[in-house]
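Data block below; observations after.
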Amino acid sequence: MLLMGESINGTRKQVAEAIQARDAEFIKNLALEQVEAGAGLLDVNGGVAGGNEVDDLLWLIEVVMGVTDMQLMVDSANPKALDAGVQTIIDKGGKVPFINSISGEQPRIDAVLPLIEKHKCPVVGLCLSNEGIPPTAEDRFAVAKQIFDLCTGAGLPAEDLWIDPLVMAVSADPTAPGVTMDSLKLIKERLPSRTTGGLSNVSFGLPNRGLLNRTFVAMCAGIGLDGLIVDVRSKPMMATIKSIEALRGEDNFCGAYLKAHRAGILD
């Protein structure tokens with residue numbers, strides 16, 4: 004399972020403060036903590052209220068690339084910031100970054116598809132249409148198929164498209180997790196692309212959110228979820244993920260599981 008480290012995000016209070024203060028040490032430590040915890044790539048989002056997102060994102064990228072050569076995922080709703088971030092990483096000789104994200108919304112397609120076509124960036128595709136989040140699994144699959152056709156038509160290999168079926172809070176809609184899982188099933192059955200998601204929305208508004216998040220990750224993994232946008236620094240979540248990888252046959256002789264046990268991650 005590809006673990007996309009989510010922690011370098013300007014919407015988080017401590018990260019926003021570090022960006023505003025240009026506290027490079029804080030960001031470096033946050034990057035290295037995620038690498039050491041098992042991230043497969045690092046999401047980088049410079050969106051701070053009242054800030055200059057292009058400048059903030061480019062500063063983050065420079066700081067993170069100074070301490071790790073791990074592949075990055077440029078995360079922005081601002082097309083100019085997204086373009087600048089991708090180009091900067093490539094100009095600095097970094098690995099072609101992921102883009103977070105494209106969707107079925109026309110403005111987003113117009114902004115992101117040219118970057119995909121130019122750089123062949125792997126991309127997260129959100130099952131989100133011009134009308135919002137589709138209510139049914141079939142409707143979400145229709146958006147996934149639209150994104151798939153656009154991205155592969157632009158020359159992106161199918162395996163470099165990571166579709167996020169989206170999840171809403173179970174506290175607001177008891178059918179929400181089921182719709183997400185049904186959407187995931189359809190995508191896995193009908194498309195050769197990969198799947199990912201930030202599944203923590205499922206627990207919004209409820210106590211002991213970590214328990215719900217971990218359980219839902221395991222349920223989606225049973226359907227074949229390929230990646231996860233996650234806080235890899237969470238020991239309980241990583242314990243669940245190591246267990247999933249062992250049980251799905253992705254951990255030869257349970258070596259990573261045993262290593263996690265020795266490190267105290269499974270406690």
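In our numbering, each residue carries its 1-based index in the sequence shown increased by 3.
In this text, a Cβ means the ideal position worked out from N, Cα and C, and glycines have one as well.
Predicted, not measured: the structure shown is a model, and the values here were computed from it.
Check whether the Cβ atoms of residue i and residue j lie closer than 8 Å to each other.
i      : j      : result
Met8   : Leu45  : It should be noted that the sequence gives Gly, not Met, for residue 8. Contact: yes.
Leu60  : Val47  : yes
Val235 : Ala80  : no
Asp229 : Leu6   : no
Leu129 : Asp163 : no
Val99  : Leu118 : no
Thr14  : Val127 : no
Trp165 : Pro110 : no
Ile136 : Ile92  : no
Near residue i, what residues of its chain come up, given a Cβ to Cβ distance below 6 Å and the 5 sequence neighbours on each side ignored?
i      : result
Ala114 : Pro82
Phe207 : Ala172
Ala249 : Cys257 and Tyr260
Ala179 : Met171 and Val173
Ala224 : Ile247
By the 10 Å Cβ neighbour count, where 16 or more other Cβ atoms means buried, how is residue i classified, buried or exposed?
i      : result
Asp86  : buried
Lys16  : exposed
Ala24  : exposed
Ala147 : buried
Leu209 : exposed
Asp94  : exposed
Leu33  : buried
Arg217 : buried
Asn12  : buried
Gly201 : buried
Ala175 : exposed
Ala19  : buried
If you draw a straight line from the alpha carbon of residue i to that of residue j, how long is it in whole angstroms?
i      : j      : result
Leu116 : Leu153 : 8 Å
Val57  : Met73  : 21 Å
Ser246 : Ala221 : 9 Å
Phe219 : Ile268 : 20 Å
Met184 : Gly158 : 28 Å
Pro138 : Val182 : 8 Å
Asn55  : Pro177 : 39 Å
Ile102 : Met76  : 5 Å
Ala266 : Gly96  : 34 Å
Phe151 : Pro195 : 9 Å
Ala31  : Gly43  : The amino acid occupying residue 31 in the given sequence is Lys; Ala does not appear at that position. Their Cα atoms are separated by approximately 16 Å.
Leu169 : Phe29  : 31 Å
Glu108 : Ser132 : 5 Å
Ser203 : Leu214 : 10 Å
Ile22  : Val67  : 12 Å
Gly50  : Arg251 : 36 Å
Ile226 : Ala161 : 19 Å
Asp254 : Thr155 : 31 Å
Lys188 : Arg197 : 12 Å
Ala84  : Glu134 : 25 Å
Val205 : Asp78  : 21 Å
Give every residue of the same chain whose Cβ lies closer than 7 Å to the Cβ of residue i, excluding the five residues on either side of it in the sequence, and list them in chain order.
i      : result
Ile112 : Ile105 and Leu153
Kindly list the residues whose CB is nearer than 8 Å to the CB of residue i, restricted to its own chain and excluding five residues on each side of it in sequence; keep chain order.
i      : result
Arg193 : Phe144 and Lys148
Ala263 : Met241, Ala242, Lys245 and Leu269
Ser186 : Cys130, Ala140, Arg143, Phe144, Ala147, Pro168 and Leu169
Trp62  : Ile22, Arg25 and Gly49
Quick check: is the beta carbon of residue i nearer than 8 Å to any beta carbon in chain D?
i      : result
Asp113 : Although the question refers to chain D, the structure presented lacks it and comprises just one protein chain.
Inset, instruction - With a floor of 4 residues, list each alpha helix (DSSP H) that falls wholly inside the segment 85–168, ordered by position along the chain. - result: 109–122 and 140–156
Inset, instruction - Note down, one range per segment and in chain order, each alpha helix (DSSP H) of at least 4 residues found wholly within the segment 197–268. - result: 212–226, 238–250 and 258–265
Inset, instruction - Only counting runs of 4 or more residues, tell me where the alpha helix (DSSP H) segments fall wholly within the segment 9–50, in order along the chain. - result: 16–24 and 27–40
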